[in-house]
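Q: First, the structure itself, so that you have it in front of you.
There are 2 protein chains.
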Amino acid sequence: MAMMDPSLQGITTIFFDFMGTCLDWHTGVTASFPDRIPLSTRTQLSLAWRESFFADIHSRFEKGLPPEDIDRTHARLLAQLLEHEFGDWSLSEAEQAAAVRSWHAMRAWPDISMTLQHLRAKYEVYVVANGTTRLQVDLARSSNLHFDMLFSSQLLGLTKPDPNFYLRALDLVAARPHETLMVAAHAYDLRAAKDVGFKTVYIQRETEDLSESMDQVKRDVHFFVDGRDGSTSCGLAGVAALLGVELEDKLPV
Amino acid sequence: MAMMDPSLQGITTIFFDFMGTCLDWHTGVTASFPDRIPLSTRTQLSLAWRESFFADIHSRFEKGLPPEDIDRTHARLLAQLLEHEFGDWSLSEAEQAAAVRSWHAMRAWPDISMTLQHLRAKYEVYVVANGTTRLQVDLARSSNLHFDMLFSSQLLGLTKPDPNFYLRALDLVAARPHETLMVAAHAYDLRAAKDVGFKTVYIQRETEDLSESMDQVKRDVHFFVDGRDGSTSCGLAGVAALLGVELEDKLPV
Numbered sequence: 000m001a002m003m004d005p006s007l008q009g010i011t012t013i014f015f016d017f018m019g020t021c022l023d024w025h026t027g028v029t030a031s032f033p034d035r036i037p038l039s040t041r042t043q044l045s046l047a048w049r050e051s052f053f054a055d056i057h058s059r060f061e062k063g064l065p066p067e068d069i070d071r072t073h074a075r076l077l078a079q080l081l082e083h084e085f086g087d088w089s090l091s092e093a094e095q096a097a098a099v100r101s102w103h104a105m106r107a108w109p110d111i112s113m114t115l116q117h118l119r120a121k122y123e124v125y126v127v128a129n130g131t132t133r134l135q136v137d138l139a140r141s142s143n144l145h146f147d148m149l150f151s152s153q154l155l156g157l158t159k160p161d162p163n164f165y166l167r168a169l170d171l172v173a174a175r176p177h178e179t180l181m182v183a184a185h186a187y188d189l190r191a192a193k194d195v196g197f198k199t200v201y202i203q204r205e206t207e208d209l210s211e212s213m214d215q216v217k218r219d220v221h222f223f224v225d226g227r228d229g230s231t232s233c234g235l236a237g238v239a240a241l242l243g244v245e246l247e248d249k250l251p252v
Numbered sequence: 000m001a002m003m004d005p006s007l008q009g010i011t012t013i014f015f016d017f018m019g020t021c022l023d024w025h026t027g028v029t030a031s032f033p034d035r036i037p038l039s040t041r042t043q044l045s046l047a048w049r050e051s052f053f054a055d056i057h058s059r060f061e062k063g064l065p066p067e068d069i070d071r072t073h074a075r076l077l078a079q080l081l082e083h084e085f086g087d088w089s090l091s092e093a094e095q096a097a098a099v100r101s102w103h104a105m106r107a108w109p110d111i112s113m114t115l116q117h118l119r120a121k122y123e124v125y126v127v128a129n130g131t132t133r134l135q136v137d138l139a140r141s142s143n144l145h146f147d148m149l150f151s152s153q154l155l156g157l158t159k160p161d162p163n164f165y166l167r168a169l170d171l172v173a174a175r176p177h178e179t180l181m182v183a184a185h186a187y188d189l190r191a192a193k194d195v196g197f198k199t200v201y202i203q204r205e206t207e208d209l210s211e212s213m214d215q216v217k218r219d220v221h222f223f224v225d226g227r228d229g230s231t232s233c234g235l236a237g238v239a240a241l242l243g244v245e246l247e248d249k250l251p252v
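As you go down the protein sequences, you meet chains P and X in turn.
So the first sequence is numbered by numbering that gives the first Met the number 0: it starts at 0 and just counts up by one.
So the second sequence is numbered by numbering that gives the first Met the number 0: it starts at 0 and just counts up by one.
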């Protein structure tokens, strides 16, 4: 019989970051590049693309710029990487467009697919993520994940880690900060969520926060779980254990 | 083998009105009033409450007032009805609060429950309705209906039949008017959706549009289906037939 961590008593609502936290974007994006590029280079290119995306988001946020359509950001950053850091490789316009499109169809990490329905039977589950609503709908459909609502930066007109992003989503679902658990694989996101009064749990992923010190992250969040082994018993299953939710074989209807 | 109506070729997206179109609010609200009131009076009271809600929404819209929290509107209108039209009956504050809360938990009409999953396998399905996001989440959870997104007037800061409500939702899901079918049990809603270029289908319900002429409604919308008999083969099943979607016994996963 699993026991809830006492500090999570009273949680009714779980906010999820989406792309890196719930979805294996890396496999899909790496596979979208042409085969003539060696796999190790494709792997590096997709990781560099993702890192440059976060740098761009943060830079825009610090300059007070409005959210940009994520497809446009991805296209611009890929072109820059191919011109500079990955100058040995060139991709046609059609190949670049296919890579940009690949961000719209992702499989869920195995631990998310297995566990989210169990959590949804007891908690309200929401996506709270930078990006467009179109992207979020495509990702929810392709990954076959069912959340109660999808809140994008485009929809709210705000960008994480702006505290107003979290507070606006909270207001729309009429929950209070201390009733809400934020689940993410990005320390910057959880630091902001903690500052507005949420409980926070970090899921470590192979593909995210590559330049963060995990020792520091462990000090900065309430809970830390390892989500790197790609099995159904890591990551979100660890969050379920903290909440005392049993993961029976049979999913609730 | 069902055939799609030729004029619906190219439809990718279905917008649904929620409360009266998808949900049997009348049974739940009528049951929320105390037993000491005769059933026929409770039935009339819930219908009058709903009619006064629409009159209030339209009046606010025409005055250019911002959307009001639907719980607040319901509470105010119920108090007015009990003071005037239903002056023979008084409800305690707790009884009135319970009646207001009853709007947050509804069962789906049988035709919606059976058919929505079939449609969602082929089309994107969205709620586009006046109300709060909190209400929409409660209704989606209690009715166990799964839409790709819930767009409330609160979320968009707009009220139907403002054409910008439909256009803003369309923009967020990157669909075009002629690719979109609006399904509603309210003529005012479909007239506005048709004006922005949507295809429109009216589902007639026992509980909605009691003061509309159905002959006029039939002239004003593209398609009209009867959804009054409470079976799984009426209403949305008729919409599925127009779209050429077969309703097999086994639901898609």
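Backbone N, C-alpha and C define an ideal beta-carbon position, used for all residues, glycine too.
Keep in mind that this is a model prediction, so the values were computed, not measured.
Specify the secondary structure class of X/I202 as computed by DSSP and reduced to three states.
A: The residue you call residue 202 of chain X lines up with position 203 of the second sequence. The answer is strand: DSSP assigns X/I202 an E or B state.
Q: Tell me, please, which residues DSSP counts as bridged to X/F222.
A: In the second sequence, residue 222 of chain X corresponds to position 223, counting from 1. Its beta-bridge partners are X/V200.
Q: Check distances from the C-beta atoms of the region 170-184 of chain P to those of chain X and list, in chain order, the residues that come in under 7 Å.
A: Going along the region 170-184 of chain P in chain order, one finds L171, V172, A173 with a Cβ nearer than 7 Å to chain X.
Q: Is X/E272 buried or exposed, if buried means 16 or more other CB atoms sit within 10 Å of its CB?
A: Absent from the model: residue 272 of chain X. The displayed extent of chain X is 0 to 252, so no value can be given.
Q: Taking only the alpha-carbon atoms, compute the straight-line gap between X/D147 and P/L144 and give it to the nearest angstrom.
A: As a working mapping, residue 147 of chain X is identified with position 148 in the second sequence. As a working mapping, residue 144 of chain P is identified with position 145 in the first sequence. If you take the alpha carbons of X/D147 and P/L144, they lie about 10 Å apart.
Q: I'd like to know whether the C-beta of X/H103 is nearer than 8 Å to at least one C-beta of chain P.
A: In the second sequence, residue 103 of chain X corresponds to position 104, counting from 1. Answer no: the Cβ-Cβ gap between X/H103 and chain P never drops below 8 Å.
Q: When you compare each of P/V28, P/A54, P/D55, P/F52 to P/T42 by their alpha carbons, which one comes out closest?
A: Here residue 42 of chain P refers to the residue found at position 43 when the first sequence is read from its first residue. Per the Cα distances, P/V28.
Q: Under 8 Å between C-beta atoms, does X/M2 make it to chain P?
A: Here residue 2 of chain X refers to the residue found at position 3 of the second sequence. By this cut-off, X/M2 is not an interface position.
Q: Roughly how many angstroms separate the alpha carbons of P/R175 and X/A74, rounded to a whole number?
A: Here residue 175 of chain P refers to the residue found at position 176 of the first sequence. Here residue 74 of chain X refers to the residue found at position 75 of the second sequence. If you take the alpha carbons of P/R175 and X/A74, they lie about 23 Å apart.
Q: Give a yes or no on whether the minimum CB-CB distance between X/T145 and chain P is below 8 Å.
A: The count along the second sequence starts at 1 and reaches residue 145 of chain X at position 146. The sequence shown places His at residue 145 of chain X, rather than the Thr named in the question. Yes, because at least one Cβ of chain P sits closer than 8 Å to the Cβ of X/H145.
Q: By how many angstroms is the C-alpha of X/D170 removed from the C-alpha of X/M2?
A: Looking up residue 2 of chain X in the second sequence gives position 3. Looking up residue 170 of chain X in the second sequence gives position 171. Roughly 30 Å between the two C-alpha positions.
Q: Who are the near neighbours of X/A128 in its chain, counting only those whose CB is closer than 6 Å to its CB and skipping five residues on each side?
A: Translated into the one-based positions of the second sequence, residue 128 of chain X becomes position 129. If we look at X/A128 and ignore the five residues flanking it on each side, its Cβ neighbours are D16, F17.
Q: Name the chain P residues that come within less than 7 Å of X/V126, Cβ to Cβ?
A: Locating residue 126 of chain X in the second sequence gives position 127, where the first residue counts as 1. Correct list: empty, because the minimum Cβ distance to chain P is about 10 Å.
Q: Alpha carbon to alpha carbon, how far is P/W88 from X/S112? Give it in angstroms, no decimals.
A: Numbered from 1 along the second sequence, position 113 holds the residue referred to as residue 112 of chain X. Numbered from 1 along the first sequence, position 89 holds the residue referred to as residue 88 of chain P. Distance between the alpha carbons of X/S112 and P/W88: 51 Å.
Q: Since P/V182 sits in a beta bridge, which residues does DSSP pair it with?
A: Sequence index remark: in the first sequence, residue 182 of chain P carries index 183 (1-based). DSSP output for P/V182 lists P/F15, P/V200 as bridge partner(s).
Q: Going by Cα to Cα distance, which pick from X/S51, X/L138, X/A173 is closest to P/V136?
A: By one-based count along the first sequence, residue 136 of chain P stands at place 137. Of the listed residues, the one whose Cα sits closest to P/V136 is X/A173.
Q: List, in chain order, every chain B residue whose beta-carbon is nearer than 8 Å to that of X/L149.
A: In summary, chain B is missing from the structure at hand, where the protein chains are P and X.
Q: Relative to the C-alpha of P/F32, which candidate in P/L166, P/L44, P/L22 has its C-alpha closest?
A: The sequence position of residue 32 of chain P within the first sequence is 33, counting from 1. Nearest option by C-alpha distance: P/L44.
Q: Could you check how far apart the C-beta atoms of X/R106 and X/S142 are, in whole angstroms? I think they sit under 8 Å.
A: As a position in the second sequence, residue 106 of chain X is number 107, starting the count at 1. As a position in the second sequence, residue 142 of chain X is number 143, starting the count at 1. At roughly 6 Å, the Cβ-Cβ gap stays under 8 Å, so X/R106 and X/S142 are in contact.
Q: Along chain P, in chain order, which residues have C-beta atoms closer than 8 Å to that of X/V136?
A: Numbered from its first residue, the second sequence carries residue 136 of chain X at position 137. The answer, in chain order, is E123, D147, M148, V172.
Q: Since X/R133 meets chain P, which of its residues come closer than 8 Å, beta carbon to beta carbon?
A: Working through the second sequence from its first residue, we reach residue 133 of chain X at position 134. Those within 8 Å of X/R133 in chain P are L171, V172, A173.
Q: For P/A191, decide whether its Cβ has a neighbour in chain X, counting only Cβ atoms nearer than 8 Å.
A: Start at 1 with the first residue of the first sequence, and residue 191 of chain P comes out as number 192. No - not a single Cβ of chain X is within 8 Å of the one on P/A191.
Q: Alpha carbons only, please: which of P/S230, P/A186, P/L235, P/E92 is nearest the one belonging to P/D219?
A: Looking up residue 219 of chain P in the first sequence gives position 220. Answer by Cα proximity: P/A186.
Q: Counting only beta-carbon atoms, is P/A97 nearer than 8 Å to chain X?
A: By 1-based counting over the first sequence, the position of residue 97 of chain P is 98. No - not a single Cβ of chain X is within 8 Å of the one on P/A97.
Q: Say the cut is 7 Å; is the CB of P/S45 nearer than that to a heavy atom of the ligand COA?
A: The ligand COA is not part of the structure shown, which contains no ligands of any sort.
Q: Give the secondary structure of X/R49 by DSSP, where H, G and I count as helix, E and B as strand, and everything else as coil.
A: Along the second sequence, one-based indexing puts residue 49 of chain X at 50. If DSSP states are grouped into helix, strand and coil, X/R49 belongs with the helices.
Q: Taking one C-beta from the region 215-234 of chain X and one from the region 229-247 of chain P each time, how about it: are there three or more such pairs within less than 8 Å?
A: The region 215-234 of chain X is not in contact with the region 229-247 of chain P.
Q: Bridge partners of P/Y125, per DSSP?
A: As a position in the first sequence, residue 125 of chain P is number 126, starting the count at 1. The partner list for P/Y125 (beta bridge, DSSP) reads P/F14, P/M148.
Q: Looking at C-beta atoms only, is the number of pairs between the region 95-105 of chain X and the region 64-74 of chain X that lie closer than 8 Å three or more?
A: Enough Cβ pairs lie closer than 8 Å, so yes.
Q: Could you have a look at P/L44 and say whether DSSP puts it in helix, strand or coil?
A: On the first sequence, position 45 is the one that residue 44 of chain P refers to. Residue state, collapsed to three classes: helix.
Q: From this set, P/T131, P/E50, P/P66, which residue's C-alpha is nearest P/E211's C-alpha?
A: Within the first sequence, numbered from 1, the residue matching residue 211 of chain P stands at position 212. For P/E211, the nearest C-alpha among the options comes from P/E50.
Q: Please go through the same chain and pick out, in chain order, the residues whose beta-carbon is closer than 7 Å to the beta-carbon of P/E205, but skip the five residues on each side of it.
A: What you label residue 205 of chain P is simply residue 206 of the first sequence in a count that begins at 1. Counting only Cβ-Cβ distances below 7 Å, and skipping sequence neighbours, we find R227.
Q: Out of P/V200, P/G130, P/G196, P/F150, point me to the one whose CA is closest to P/H57's CA.
A: Taking the first sequence and counting its residues from 1, the one referred to as residue 57 of chain P is at position 58. It is P/G130.
Q: At a CB-CB cut-off below 8 Å, which residues of chain X make contact with P/L154?
A: Residue 154 of chain P sits at position 155 when you count from the first residue of the first sequence. By Cβ distance, chain X contributes L154, L171.
Q: If we count the other Cβ atoms within 10 Å of its Cβ and call it buried at 16 or more, is X/H117 buried or exposed?
A: As a working note, residue 117 of chain X is residue 118 in the second sequence. With 16 or more Cβ atoms within 10 Å of its Cβ, X/H117 is classed as buried.
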